[in-house]
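Respectively, the protein sequence lines represent chains A and B.
Here this note's numbering is used: the first residue of the first sequence is 4, the next is one more, and so on.
Here this note's numbering is used: the first residue of the second sequence is 103, the next is one more, and so on.
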Amino acid sequence: FQDQAEQFFRSGHTNNWAVLVCTSRFWFNYRHVANTLSVYRSVKRLGIPDSHIVLMLADDMACNPRNPKPATVFSHKNMELNVYGDDVEVDYRSYEVTVENFLRVLTGRIPPSTPRSKRLLSDDRSNILIYMTGHGGNGFLKFQDSEEITNVELADAFEQMWQKRRYNELLFIIDTCQGASMYERFYSPNIMALASSQVGEDSLSHQPDLGIGVHLMDRYTFYVLEFLEEIHPASQTNMNDLFQVCPKSLCVSTPGHRTDLFQRDPQNVLITDFFGSVRKVEITAETVSLDRGLAGFESKFPEDELATEPLKYAEQLPVAQIIHQKPKQKDWHPPGGFILGLWALIIMVFFKTYGIKHMKHVF
Amino acid sequence: RAGMAAALLLLLLLLAACPGPGRAGAGRERRDTLREELLLSPLPTGDVAATFQFRTRWDADLQRGAVSHYRLFPKALGRLVAALGVRELHLALTQGFWRTRVWGQPPLQAPAGAELWVWFQPAVTDVDKAWKELSNILSGIFCASLNFIDSTNTVIPTASFKPLGLANGTDHHLLRYAVLPREVVCTENLTPWKKLLPCGSKAGLAVLLKAERLFHSSYHSQAVHIRPVCRDASCMAVSWELRQTLTVVFDVFSSGQGKKDWSLFKMFSRTLTDACPLASQSKVYVDISPKNKEKELLEVTPPPTSVHEAVVQGDKKTYAVYDLLSPLLFNTSRSLNVQLKWKRPQDSSEMPIPVLHAQRYVGGYGLQTGEICTLIYNTHPYRAFPVILLETVPWYLRLYVHTLTIITKGKENKPSYIHYQPAQDRRRPHLLEMLIQLPANSVTKITIQFERALLKWTEYPPDPNHGFYVGSSVLSALVPSVIPMKDVDVEQSPLFTSLFPSSDGSSYFVRLYTEPLLVNLPTPDFSMPYNVICLTCTVVAVCYGSFYNLLTRTFHVEEPSRGGLAKRLANVIRKLRGVPLL
């Protein structure tokens with residue numbers, strides 16, 4: 004009990020957030036959506052609530068007309084595991100997944116009318132997990148086949164987050180080709196990064212499903228998912244085990260990681276520090292008695308004012324009224340611009356020709 | 103020890119909560135009620151349509167007073183209505199298309215994609231600002247991209263979309279209508295919709311709503327309607343009504359495995375076990391109306407608790423009713439699995455044709471011009487009736503109104519009312535509203551030509567070769583009914599009969615939507631900027647560079663170098679030998 008309490012204070016974070024991004028569009032990129040949804044599923048299972056997860060999916064695979072089993076996204080062939088499930092909340096869908104929106108979510112520079120579920124409301128005691136997947140290259144990640152984000156932009160965004168105190172510790176996982184290039188440029192403290200392949204290597208997909216017709220998952224995320232399925236909210240597995248997931252024999256590419264910016268030793272960092280959620284639980288031995296007078300609260304309604312004459316419904320298709328609807332009088336605007344200039348020119352020319360003394364003929 | 107303390111706490115909580123309902127029953131009446139119902143109607147083609155309606159009626163005025171205690175009415179929507187001054191809100195998310203010609207008139211239709219129309223209170227000063235905030239808040243609640251609703255797809259209809267609730271006057275400046283035809287509907291939209299229900303998806307009729315079955319269908323439409331209604335027959339006070347409707351059509355070939363017999367288990371892979379404990383009424387209606395005045399074709403098992411006859415959409419229909427709150431229903435078995443069997447095979451000639459149906463398509467060829475054609479069919483043998491057609495066309499299809507032609511039975515049909523608001527590039531879409539009289543037994547063809555605009559290259563979506571959607575057009579009509587409808591008490595009649603307020607018994611109001619259109623705009627090759635830069639730089643480097651060299655390069659003589667150390671040493675030796683130097 005004492006050790007657990009110490010562990011709580013050692014990690015230093017009080018809440019957990021996750022930003023999960025899938026950047027690929029089109030049906031043949033089904034595996035990227037399955038990757039993101041499997042991380043989403045693990046993260047929810049380990050305790051992070053939907054209000055603390057920002058899920059961005061660039062295309063809809065579950066209800067895609069080409070999906071033979073609608074409302075499902077499978078991660079294992081023979082349709083064993085449906086990672087889409089029944090209780091999923093996608094915050095940024097389809098055309099909303101752009102580089103601009105992603106950077107706005109990270110840095111917090113969001114238009115004021117954005118709803119709460121689309122915001123990353125982290126503070127300086129939040130541990131954030133950022134997972135990105137899609138098609139990438141040396142130094143960039145492609146968003147929806149029409150734009151890209153570079154590693155420099157990403158590093159600058161993290162620096163902005165650090166300066167605005169928007170995270171305590173950050174874990175960045177990327178599953179794309181040449182993924183290690185994306186974390187090369189980070190320079191903010193307290194960031195740990197994992198990638199599925201080194202520069203010059205391609206990340207490969209795992210297995211196709213002949214019923215659905217596309218590859219279902221990428222290898223790296225497949226083995227990470229298998230690893231995470233064994234984690235439960237109280238497990239003590241640390242980051243070094245996550246670094247060993249998917250060796251070259253299974254993954255064909257060489258996964259890489261970067262821990263030089265991170266202050267703690269990865270040996271002491273629990274998986275649940277990033278993938279799970281801290282819940283502050285206070286155990287008390289006292290009893291609390293509720294106020295019985297609360298039950299009469301509802302009767303304090305203001306009295307409704309009754310109308311003086313009966314109210315009625317509007318007529319749905321009042322033909323006579325519509326036909327005789329007068330055309331709306333346009334609000335009168337003073338003539339501006341071109342018309343004013345034209346009239347001024349005409350009047351000037353008139354008086355130039357005929358002289359000002361002829362004005363008396365006008366009036 | 104901690105566990106025991108937690109158990110004690112829980113016990114005390116339960117004890118404290120128990121006297122509550124007892125005290126409530128002793129005189130204070132509940133101000134909000136929930137009614138839920140499910141309507142199963144077999145369609146002429148062998149498919150089956152299931153319509154769920156959940157209605158929460160709250161006898162309180164949301165606009166006035168600080169209402170802070172929400173019980174059945176969801177707080178998210180209640181706060182929205184109060185804060186933004188909303189008088190009526192209708193939001194529908196639909197996947198698929200209702201085929202009116204083969205399936206008949208729908209109880210409530212919605213266009214493909216997302217449709218949102220809202221009437222604001224007269225006290226709202228800046229309606230556009232409230233509209234924008236409303237669409238953003240709803241996009242967060244329903245996980246839909248409703249934040250894409252802005253001035254380029256919002257219109258202000260002048261004759262359609264009259265308020266469905268109590269209305270003092272109808273100033274159309276307070277109305278906004280927008281449709282997003284590209285919106286996808288999936289489980290992430292169903293989940294928050296289900297969470298707004300008082301019982302969630304845990305009890306009552308909502309246990310049937312499982313995403314894997316609902317989206318494997320030809321048509322799926324979920325909607326939320328909020329409006330003020332009469333509290334009672336005298337209509338002196340206002341109550342707020344929230345209706346959540348979900349219509350799904352199961353296809354006989356994909357869900358039914360080719361057989362036309364249906365059951366709740368076959369449709370939803372679940373059966374009903376009980377009613378929602380918070381509901382005052384929970385019923386399942388099955389449409390067993392005989393066609394062509396013959397004996398019943400449909401057999402339902404288990405036997406219904408009662409049979410109800412109603413005049414719905416102008417025609418007399420018979421329904422078998424299962425009342426989930428009656429104790430007789432679950433006497434024999436714990437779960438209710440309603441089964442529908444056809445007594446004899448259906449004849450395709452028996453399929454009734456609906457009185458009003460419409461069709462719309464794009465004509466023309468090439469990527470420069472085109473034509474939108476709408477065909478409206480009035481199949482009533484002797485009655486003519488008016489219909490309002492509302493078309494919203496995005497600004498990048500430039501309509502030519504002088505090419506608008508309306509032809510009925512070979513002659514031109516002049517509309518009695520026409521309102522056209524032209525588009526402004528990148529700011530406003532086209533709005534065309536016409537009131538057309540449809541003669542009996544006729545087809546009306548409305549055509550209008552358009553030209554496709556060239557967009558700026560940053561305005562194309564990431565998949566421009568898919569095409570651009572044009573939202574469905576809306577037809578509002580008063581269709582003459584076969585049997586005159588009497589004014590019925592809203593509280594006693596089933597919910598599916600009472601969404602549209604009826605004024606006159608001789609006709610009923612119906613709102614139909616046509617298909618959305620998909621047009622291709624001239625799409626540039628997006629790799630061209632890169633190609634152009636490479637080519638230009640190469641040309642500049644090669645041509646200009648060599649020309650510059652040619653003009654500015656000068657030649658000057660250079661002394662040959664004296665040579666390295668080795669050469670000098672060799673020359674010294676050669677001089678000594680008397681041989682010519684290197």
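Virtual Cβ for every residue (Gly too), placed ideally from N, Cα, C.
Bear in mind that the values here come from a model prediction, so they are computed numbers and not experimental data.
Expected contact under 8 Å - CB spacing of residue i and residue j to nearest Å
i	j	result
Leu49(A)	Val93(A)	The Cβ separation is near 19 Å, so there is no contact.
Leu3(A)	His209(A)	The structure shown has nothing for residue 3(A), since chain A only spans 4 to 366.
Gln223(B)	Leu298(B)	Gln223(B) to Leu298(B), Cβ: 22 Å. No contact.
Thr144(A)	Met185(A)	Per the sequence shown, residue 144(A) should be read as Leu rather than Thr. That belief holds up - the Cβ atoms of Leu144(A) and Met185(A) are roughly 6 Å apart, short of 8 Å.
Cys372(A)	Tyr223(A)	No answer is possible for residue 372(A): it lies beyond the span of chain A, which begins at 4 and ends at 366.
Leu426(B)	Lys385(B)	7 Å
Ser143(B)	Asp334(B)	The pair is not a contact, with the Cβ atoms about 30 Å apart (cut-off 8 Å).
Arg278(B)	Val220(B)	5 Å
Val572(B)	Val495(B)	6 Å
Neighbourhood of residue i by C-beta, 6 Å cutoff - its chain only, sequence neighbours within 5 removed
i	result
Leu366(B)	Thr373, Asn439 and Val440
Phe31(A)	Val217
Met242(A)	Pro269 and Val272
Leu174(A)	Leu132, Met195 and Phe277
Cys249(A)	Tyr223, Tyr226 and Pro258
Met64(A)	Tyr33, Val36 and Val76
Where residue i sits in the DSSP three-state scheme
i	result
Trp335(A)	coil
Ala126(B)	Legend: pLDDT at Ala126(B) = 38, less than 50; position of this residue unreliable, value from coordinates given subsequently. Of the three classes helix, strand and coil, the one that applies to Ala126(B) here is helix, per DSSP.
His322(B)	strand
Gly140(A)	strand
Asn18(A)	strand
Gln526(B)	strand
Lys47(A)	helix
Cys639(B)	helix
Thr505(B)	strand
Pro488(B)	strand
Ala313(B)	helix
Gly465(B)	strand
Lys355(A)	helix
Gly472(B)	strand
Asn32(A)	helix
Asn567(B)	helix
Tyr190(A)	coil
Gln163(A)	helix
Contacting residues, own chain, Cβ-Cβ under 7 Å from residue i (five flanking each side not counted)
i	result
Gln239(A)	Leu273
Ser241(B)	Ser247, Leu248 and Asn249
Leu380(B)	Leu136, Leu174, Pro300 and Cys301
Arg133(B)	Trp160, Asp161 and Ala162
Asp353(B)	Asp149, Ser319 and Ser320
Ala232(B)	Leu186, Gly187, Phe222 and Val226
Residues near residue i by beta carbon distance below 8 Å, same chain, minus five either side
i	result
Tyr610(B)	Gln415, Gly416, Leu580, Val581, Ser583, Met587, Phe602 and Ser604
Ala555(B)	Trp497, Tyr498, Leu499, Arg500, Asp527 and Leu623
Phe146(A)	Thr26, Ala61, Val100, Thr101, Val102, Phe105, Gly137 and Ile152
### Message
Beta carbons nearer than 7 Å to chain B: which residues of the segment 30-59 of chain A have them?
### Response
none
Taking a cut of 7 Å between CB atoms, which residues from the segment 317-337 of chain B lie near chain A?
Phe317, His318, Cys332, Ser336 and Cys337
Which complete beta strand (DSSP E) runs does the segment 211-282 of chain B hold, if anything under 3 residues is left out?
215-222 and 277-282
task = Determine which residues of the segment 644-658 of chain B have a Cβ less than 9 Å from any Cβ of chain A, and write them out in chain order.
result = none
**Report entry** Minimum length 4: unbroken alpha helix (DSSP H) runs contained in the segment 324-380 of chain B
**Finding:** 366-370
What are the start and end residues of each continuous beta strand (DSSP E) run of 3 or more residues lying completely inside the segment 210-274 of chain A, in chain order? 259-261
| query | Using a Cβ cut-off of 9 Å, which residues of the segment 299-315 of chain B contact any Cβ in chain A, in chain order? | reply | Ser303, Lys312, Ala313, Glu314 and Arg315
| Where are the beta strand (DSSP E) runs, 3 residues long or more, that stay fully inside the segment 128-196 of chain B, in chain order? | 134-144 and 150-160
Output needed in chain order: residues of the segment 235-269 of chain B with a Cβ under 8 Å from some Cβ in chain A.
Glu235, Asn238, Ile239, Ser241, Gly242, Ile243, Cys245, Ala246, Ser247, Asn249, Phe250, Thr260, Ala261, Lys264, Pro265, Leu266, Gly267, Leu268 and Ala269
- Query: Using a Cβ cut-off of 8 Å, which residues of the segment 93-104 of chain A contact any Cβ in chain B, in chain order?
  - Reply: Val93, Asp94, Arg96, Ser97, Tyr98 and Glu99
| task | With 7 Å as the limit, tell me which residues of the segment 276-295 of chain B have their beta carbon closer than that to any beta carbon of chain A; keep them in chain order. | result | Closer than 7 Å at the C-beta level to chain A, one finds these residues of the segment 276-295 of chain B: Val286, Val287, Cys288, Thr289, Glu290 and Thr293.
Q | Contact set between the segment 601-635 of chain B and chain A, restricted to residues whose Cβ is under 8 Å from the partner | A | With the criterion set as a beta carbon lying under 8 Å from some beta carbon of chain A, the members of the segment 601-635 of chain B are Phe602, Pro603, Ser605, Phe611 and Phe628, in sequence order.
What are the residues in the segment 58-89 of chain A lying within 7 Å of chain B by C-beta distance? Asp63, Ala65, Cys66, Pro73, Ala74, Thr75, Tyr87 and Asp89
Inside the segment 397-445 of chain B only - beta strand (DSSP E) runs reaching at least 3 residues = Listed in chain order, they are 400-403, 408-414, 417-425 and 441-444.
Practice problem: Output the residue ranges of the alpha helix (DSSP H) runs that lie fully inside the segment 87-154 of chain A and measure 4 residues or longer, sorted by chain position. | Solution: 102-110
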